[in-house]
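Peer 1:
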Amino acid sequence: MGEVIVVTSGKGGVGKTTTTANIGTGLAKLNKKVVLIDTDIGLRNLDVVMGLENRIVYNLVDVIEGNCKVKQAMIKDKRYDTLFLLPAAQTKDKTSVTPEQMKELADELKKEYDYVIMDCPAGIEQGFKNAIAGADRALVVTTPEVSAVRDADRIIGLLEANLIEKTHLVVNRLRPDMVKRGDMMSADDVIDILAVDLIGVVPDDESIVVATNNGEPLAGDNSLAGQAYMNICHRIIGENVPFLDLDSKKGLISTLAGVFKKK
Amino acid sequence: MSQNVKIKGTKSGIILDLNPDIPFDELRVEIVEKFVSAREFLGSNQMGLTIKGRKLSEAEEEAVLKIISDNSDIKIVCIVTADDKLDEIFSRYISQSDETALEKRKKELDEKEEYYEQMTAKQQEELENQAKLLKEMQDQLGSSAAQIYKGNLRSGQAINCESSVIILGDVKPGASITTYGSVFVLGSLRGSAFAGASGDKSAFVMALDLNPLQVRIADSIAISPDTEKEPKLRLRRTKKKVDLPEPEVACIEGGHIVKKLYGRTFLRTNAFIS
Chain A
29 MGEVIVVTSG KGGVGKTTTT ANIGTGLAKL NKKVVLIDTD IGLRNLDVVM GLENRIVYNL
89 VDVIEGNCKV KQAMIKDKRY DTLFLLPAAQ TKDKTSVTPE QMKELADELK KEYDYVIMDC
149 PAGIEQGFKN AIAGADRALV VTTPEVSAVR DADRIIGLLE ANLIEKTHLV VNRLRPDMVK
209 RGDMMSADDV IDILAVDLIG VVPDDESIVV ATNNGEPLAG DNSLAGQAYM NICHRIIGEN
269 VPFLDLDSKK GLISTLAGVF KKK
Chain B
291 MSQNVKIKGT KSGIILDLNP DIPFDELRVE IVEKFVSARE FLGSNQMGLT IKGRKLSEAE
351 EEAVLKIISD NSDIKIVCIV TADDKLDEIF SRYISQSDET ALEKRKKELD EKEEYYEQMT
411 AKQQEELENQ AKLLKEMQDQ LGSSAAQIYK GNLRSGQAIN CESSVIILGD VKPGASITTY
471 GSVFVLGSLR GSAFAGASGD KSAFVMALDL NPLQVRIADS IAISPDTEKE PKLRLRRTKK
531 KVDLPEPEVA CIEGGHIVKK LYGRTFLRTN AFIS
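As given, the protein sequences belong to chains A and B, one line each in that order. Sequential numbering from 29 applies to the first sequence in the numbering used here. Sequential numbering from 291 applies to the second sequence in the numbering used here.
1) Pick from A:M130, A:I103, A:N259, A:I260: whose alpha carbon is nearest that of A:D68?
2) With a threshold of 7 Å on Cβ separation, who are the neighbours of A:T240 within its own chain once the five nearest residues in sequence on each side are excluded?
3) When you compare only the Cα positions, how much space is there between A:T170 and A:V199?
4) When you compare only the Cα positions, how much space is there between A:E81 and A:S235?
5) Residues of chain B with CB closer than 8 Å to the CB of A:T119, please, in chain order.
6) Verify the CB distance criterion: does A:V85 have a CB-CB separation below 9 Å to chain B?
7) Is the shortest distance between the beta-carbon of A:R201 and the beta-carbons of chain C less than 9 Å?
8) Mind reading off the beta-carbon distance from B:K412 to B:N442? Whole number of angstroms is fine, and I expect it under 8 Å.
9) If you measure beta-carbon to beta-carbon, which residues of the stretch 483–509 of chain B are closer than 9 Å to chain A?
10) Give me the subset of the stretch 79–113 of chain A whose CB atoms are less than 8 Å from a CB atom of chain B, sorted by chain position.
11) B:S472: which of B:R395, B:K422, B:S453 sits nearest, CA to CA?
12) Among residues of its own chain, excluding the 5 on either side of A:K44, which ones have a beta-carbon nearer than 7 Å to its beta-carbon?
13) With a threshold of 6 Å on Cβ separation, who are the neighbours of B:K298 within its own chain once the five nearest residues in sequence on each side are excluded?
14) When you compare only the Cα positions, how much space is there between A:G228 and A:I84?
15) Looking only at DSSP bridge pairs, what is B:D499 linked to?
16) Less than 9 Å separating the beta-carbons of A:L88 and A:A117?
17) For the stretch 181–197 of chain A against the stretch 154–168 of chain A, are there 3 or more C-beta pairs whose distance is under 8 Å?
18) Identify the continuous alpha helix (DSSP H) that holds A:D217 and give its terminal residues.
19) Counting only beta-carbon separations shorter than 9 Å, does B:S514 have a partner in chain A?
20) Could you spell out where the alpha helix (DSSP H) holding B:V326 opens and where it closes?
21) Which value, in whole angstroms, describes the spacing of the CA atoms of B:S334 and B:L346?
22) Throw me the rounded Cβ distance for the B:T468 and B:F484 pair, which I believe falls under 8 Å.
23) Could you check which residue in A:M29, A:D75, A:N73 has the C-alpha nearest to that of A:K60?
24) Between B:I511 and the rest of its own chain, which residues show a CB-CB distance below 8 Å, the 5 nearest in sequence each way excluded?
25) Where do the N-terminal and C-terminal ends of the alpha helix (DSSP H) with B:A508 fall, by residue?
26) Tell me which residues of the stretch 36–53 of chain A have at least one Cβ-Cβ distance to chain B shorter than 8 Å, keeping chain order.
27) In chain B, what lies closer than 7 Å to A:G70 by C-beta?
28) Can you tell which of B:V326, B:I366, B:L479 has the C-alpha that lies nearest to the C-alpha of B:I341?
29) I'd like to confirm the pairing. Which residues does DSSP put opposite B:Q336 in its beta bridges?
30) Can you tell me which residues form a DSSP beta bridge with B:T555?
31) Assuming A:P172 contacts A:L202 (C-beta within less than 8 Å), just tell me the rounded distance between them.
32) Go ahead and label A:N73 buried or exposed: buried means 16 or more other beta carbons lie within 10 angstroms of its beta carbon, across all protein chains shown.
33) As a quick exercise: from A:P127, A:L71, A:N268, pick the residue whose alpha carbon is nearest that of A:I160.
34) Hey, is A:G228's beta-carbon within less than 9 Å of any beta-carbon in chain B?
35) Which class does A:M78 belong to by DSSP, given the choice of helix, strand or coil?
36) What do you get for B:C541, buried or exposed, if any count of 16 or more other CB atoms within 10 angstroms of its CB means buried?
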């Protein structure tokens with residue numbers, strides 16, 4: 029029996045979709061059978077970030093309405109055979125699906141897959157309710173900004189009210205240099221405010237932007253963000269991994285050593 | 291006003307829904323009123339007429355036709371009488387939901403057969419003629435009529451229609467066009483297009499800048515190539531000038547969807563005529 033994980037945040041633009049894509053890729057790299065579901069009906073993005081945009085024939089709404097089988101709507105990832113995407117519809121809206129239907133779908137999928145990851149839309153309306161309906165665990169993504177943290181707090185409250193017990197925090201787009209200067213909240217500050225367990229800290233990294241634009245998630249590659257996402261994946265499957273030291277400035281020699289170690 | 295007379299439009303004609311319970315003379319007055327008030331709306335096309343709800347005698351039918359020709363500009367080319375008996379059979383089976391669909395279908399077919407056997411040969415011939423005429427009309431409409439859409443089609447917007455479509459604008463990624471006919475985009479096509487949705491393999495997709503995510507024609511499908519990575523190091527000087535996009539056509543050739551330049555060579559093959 030697999031686990032249904034919802035990736036949510038409340039506020040938009042903090043990196044839910046990027047996190048979903050990278051965690052999905054990371055878990056597939058760890059040989060898990062993973063399906064990503066984009067629940068952002070009408071504003072789908074996960075397909076673009078995964079680089080699978082051109083393969084969409086059927087979508088989530090088709091599955092729910094019974095126009096096709098679940099298998100037909102699933103798109104296999106370019107790189108990993110155990111990673112699948114169930115894209116959202118673009119021409120419908122959030123009301124095309126009900127939380128009950130989503131729960132049914134999630135329950136069906138988790139029989140066959142190790143992880144079912146829901147990419148939640150921003151906001152706390154219907155789309156959010158759909159996404160969390162079948163969830164066993166939630167990853168709340170936030171950035172170290174007051175607005176994102178406040179929304180995350182509201183989301184955590186709603187998740188508790190919906191009896192989702194396992195809630196973990198991903199602090200995204202952290203800039204160690206700014207934290208050092210005292211211009212940005214640190215991950216610890218964020219945890220103090222939100223009072224939930226931390227599952228990962230992802231640094232602000234240019235390579236994420238490049239990867240997103242190319243449609244190739246970078247979980248597990250050499251970049252700092254890629255490693256951070258990979259660590260989150262390890263923690264999701266229950267391994268205990270130390271947090272990355274984001275502060276270390278790599279010297280020239282160690283960078284070169286890293287390049288040679290890679291291959 | 292009571293709804294003793296209703297006019298409904300379909301693709302190839304109009305349906306006249308008549309109240310069966312009032313005398314024909316009263317009905318007549320109301321039909322006149324309806325067509326006078328709908329004169330502008332109906333225009334001056336050729337159409338088929340379907341009469342529903344009431345069985346009309348030949349004389350009455352003629353009277354209705356006369357009313358229509360006197361009070362509107364449309365030309366009725368044929369009359370189809372809606373079949374109450376068939377309707378009844380259908381609705382009876384819809385209400386009996388405990389049978390399996392297969393059984394139902396079988397029984398339905400049997401009854402239909404029985405029903406057609408009952409008809410005289412003359413009636414059958416008449417029906418066939420009418421069907422042929424309707425088909426001809428639809429074919430004419432299908433090949434000659436195209437919908438024109440002015441403006442850009444943005445992500446999330448979709449056009450679904452039975453005739454061919456001409457888009458005077460761009461089709462952005464995430465937008466889609468589905469049609470039984472062909473698709474012409476006088477702009478760039480970056481979304482997805484589905485031509486010949488009813489199975490017409492001679493349908494095609496043409497665009498001034500053909501760069502779609504997906505093209506489907508009948509039951510074939512083609513997707514855009516995955517983004518080819520450009521070499522990171524590129525000297526500015528060697529950067530070629532970007533070629534202006536040329537009009538291209540996607541059509542089925544040898545069972546596959548192929549992309550061709552829309553130029554003299556393509557036109558010479560007379561692909562549009564087939």
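Positions of the beta carbon are idealized from the N, C-alpha and C atoms, including for glycine. The structure presented is a predicted model; accordingly, all values stated were derived computationally and were not measured.
Peer 2: According to the structure data:
1) A:M130
2) T46, V77
3) 5 Å
4) Their backbone Cα atoms lie some 21 Å apart in a straight line.
5) G446, Q447, A448, S466
6) The beta-carbon of A:V85 is placed less than 9 Å from the nearest beta-carbon of chain B.
7) The chain inventory of the structure shown lacks chain C, comprising the protein chains A and B.
8) Between B:N442 and B:K412 the Cβ distance is about 55 Å, and since that is not below 8 Å, they are no contact.
9) Taking 9 Å as the Cβ-Cβ cut-off against chain A, the residues of the stretch 483–509 of chain B that qualify are P502, L503, Q504, R506.
10) G79, E81, N82, R83, I84, V85, K106
11) B:S453
12) V35, T36, S37, D147, C148, V169
13) I305
14) If you draw a straight line from the Cα of A:G228 to the Cα of A:I84, it is about 31 Å long.
15) B:S478
16) yes
17) yes
18) For A:D217, the enclosing alpha helix (DSSP H) begins and ends at 215–222.
19) yes
20) Secondary structure note for B:V326: its alpha helix (DSSP H) is the uninterrupted segment 314–327.
21) 25 Å
22) 4 Å
23) A:M29
24) Q504, V505, I547
25) Looking at the DSSP string, B:A508 is not in any alpha helix (DSSP H), and its letter there is neither H nor E.
26) none
27) G446
28) B:I366
29) B:K365
30) Note: B:T555 sits in no beta bridge, so no partner.
31) 6 Å
32) With at least 16 other beta carbons inside 10 angstroms of its own, A:N73 counts as buried.
33) A:P127
34) no
35) helix
36) buried
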